[in-house]
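A.B. asks: Mind looking over this structure? Questions follow.
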């Protein structure tokens with residue numbers, strides 16, 4: 007397999023277009039899973055009756071996130087001749103695959119979420135296959151960096167932003183898990199960490215991660231994924247914020263939805 011810049015550009019543009027489509031679809035109406043399934047009226051009740059179309063949250067998260075780790079790892083392992091030494095491959099292994107290793111093999115076994123809709127799971131798996139191939143294909147077959155790239159301000163600042171965002175994301179997920187006892191599916195007001203400032207602290211951390219990754223790798227596919235992340239999790243954070251304000255009369259009014267002190 008050879009690098010095709012046209013393929014990379016086309017797949018990146020499709021990724022941005024998909025993000026903008028999701029932003030348009032869910033900017034005003036949230037996707038009906040998780041806490042927003044409670045507000046879905048008759049449609050939500052029908053969905054809850056079809057329990058055979060749901061999977062336990064831990065199983066669903068594992069299956070959904072696995073392709074994003076597995077696809078680029080396989081591309082890297084199957085490349086002939088092997089390409090483990092260049093910086094581009096090390097970036098891929100240490101950042102993109104590192105994130106999805108955590109999401110697949112750690113987060114999925116710790117989550118205490120509600121049963122996951124099968125349809126949503128399938129869409130998520132397809133996206134992870136697509137994005138895993140795009141990021142992996144570019145890094146394994148196309149990426150070229152100078153030998154001193156690790157001294158470049160884009161690399162160092164991107165790495166720091168990525169690690170900061172990943173830390174925020176993991177810590178926020180931990181705080182959310184602590185709100186529930188095993189077997190509970192009720193929602194409570196998140197407390198601690200960046201939740202003191204925003205309702206979607208975990209989403210804010212994920213956005214920082216992928217913009218850090220985009221800056222460090224300085225490539226079109228990574229920036230396309232960062233834009234997609236904003237378009238996808240941004241509305242989710244906004245609707246979570248509105249849900250908390252409606253459900254809890256004592257919810258802190260000073261909190262923003264996604265960006266501290268701004269939005």
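In our numbering, the protein residues as written are 7 to 269.
C-beta atoms are modelled at their ideal positions from N, C-alpha and C, and glycine is treated no differently.
Treat the numbers as computed from the prediction; the structure is a model and nothing was measured.
Would you mind sorting residue 59 into buried or exposed? The rule is 16 or more other CB atoms within 10 Å of its CB.
C.D. replies: Exposed, by the Cβ-count rule.
A.B. asks: Check the DSSP bridge columns for residue 238 and list the partner residues they point to.
C.D. replies: According to DSSP, residue 238 bridges with nothing at all.
A.B. asks: Whose C-beta lies closer than 8 angstroms to the C-beta of residue 55 among residues of the same chain, with five residues either side of it excluded?
C.D. replies: Model confidence at residue 55 stands at a pLDDT of 48, short of 50, so the residue's coordinates are unreliable; what they give is reported in the following sentence. None.
A.B. asks: Would you tell me roughly how many angstroms separate the C-alpha atoms of residue 279 and residue 216, rounded to the nearest one?
C.D. replies: Missing from the structure shown is residue 279; the chain here goes from 7 to 269 and no further.
A.B. asks: So what does DSSP say about residue 133, is it helix, strand or coil?
C.D. replies: Looking at residue 133 - three-state DSSP - the assignment turns out to be helix.
A.B. asks: For residue 95, which residues from the same chain have a beta carbon less than 7 angstroms from its beta carbon, with the 5 sequence-adjacent residues on both sides left out?
C.D. replies: The residues are 82, 89, 145 and 146.
A.B. asks: For residue 34, count neighbouring C-beta atoms within 10 Å of its own C-beta (all shown protein chains included) and say buried if the count is 16 or more, exposed if not.
C.D. replies: Counting Cβ neighbours within 10 Å, residue 34 comes out exposed, since fewer than 16 surround it.
A.B. asks: By Cβ distance below 7 angstroms, which residues in the same chain neighbour residue 114 in space, the five residues on each side in sequence not counted?
C.D. replies: Same-chain partners within the cutoff: 64, 67, 68 and 71.
A.B. asks: Does the Cβ-Cβ distance between residue 84 and residue 121 come in under 8 angstroms?
C.D. replies: No, they are not a contact pair.
A.B. asks: Report the residue from 264, 247 and 211 whose alpha carbon sits nearest the alpha carbon of residue 257.
C.D. replies: Residue 247 is the option with its Cα nearest to residue 257.
A.B. asks: Confirm, please, whether the CB-CB distance from residue 75 to residue 117 is below 8 angstroms.
C.D. replies: No, they are not a contact pair.
A.B. asks: Near residue 262, what residues of its chain come up, given a Cβ to Cβ distance below 8 angstroms and the 5 sequence neighbours on each side ignored?
C.D. replies: Here the set comprises 203, 204, 205, 247, 268 and 269.
A.B. asks: Take residue 168 as the anchor and find which of 226, 221 and 119 has the nearest alpha-carbon.
C.D. replies: Comparing Cα positions, the closest option is 221.
A.B. asks: Indicate whether the contact test is met: 3 or more Cβ pairs, each with one atom in the region 155 to 171 and one in the region 184 to 193, closer than 8 angstroms.
C.D. replies: No, they do not touch.
A.B. asks: Between the beta-carbon of residue 209 and the beta-carbon of residue 22, is there less than 8 angstroms?
C.D. replies: For residue 209 and residue 22, no; Cβs fall outside 8 angstroms.
A.B. asks: Give the single residue among 80, 125 and 7 whose Cα lies nearest to the Cα of residue 99.
C.D. replies: Among 80, 125 and 7, the Cα nearest to that of residue 99 belongs to 80.
A.B. asks: Using a Cβ-Cβ cut-off of 7 angstroms (strictly less than) and excluding sequence neighbours within five positions of residue 238, which residues of its own chain qualify?
C.D. replies: Here the set comprises 25 and 28.
A.B. asks: Is it right to say residue 103 is buried, meaning 16 or more other beta carbons lie within 10 angstroms of its own, or is it exposed?
C.D. replies: So residue 103 ends up on the buried side.
A.B. asks: Which word fits residue 16, buried or exposed, when buried means at least 16 other C-beta atoms lie within 10 angstroms of its C-beta?
C.D. replies: Exposed is the call here.
A.B. asks: Note down the Cα distance separating residue 140 from residue 10, rounded to an integer number of angstroms.
C.D. replies: Residue 140 and residue 10: Cα-Cα distance of roughly 11 angstroms.
A.B. asks: Can you tell me the Cβ-Cβ gap for residue 226 and residue 18, rounded? I've got them flagged as a contact below 8 angstroms.
C.D. replies: That belief holds up - the Cβ atoms of residue 226 and residue 18 are roughly 5 angstroms apart, short of 8 angstroms.
A.B. asks: Run the CB neighbour count on residue 48, radius 10 Å, all protein chains shown included, and call it buried at 16 or more, exposed below.
C.D. replies: A caution first: residue 48 carries a pLDDT of 47, below 50, which makes its placement in the model too unreliable to give a value.
A.B. asks: Give me the residue from 105, 148 and 251 with the minimum Cα distance to residue 13.
C.D. replies: Measuring from the Cα of residue 13, the nearest candidate turns out to be 148.
A.B. asks: Work out the CA separation of residue 32 and residue 245 for me, nearest whole Å.
C.D. replies: Between residue 245 and residue 32, the C-alpha separation is close to 9 angstroms.
A.B. asks: What three-state label does DSSP hand residue 247 in the structure shown?
C.D. replies: Helix, per DSSP.
A.B. asks: Do you know whose CA, among 212, 7 and 200, lies nearest residue 87's CA?
C.D. replies: It is 7 whose Cα lies nearest to the Cα of residue 87.
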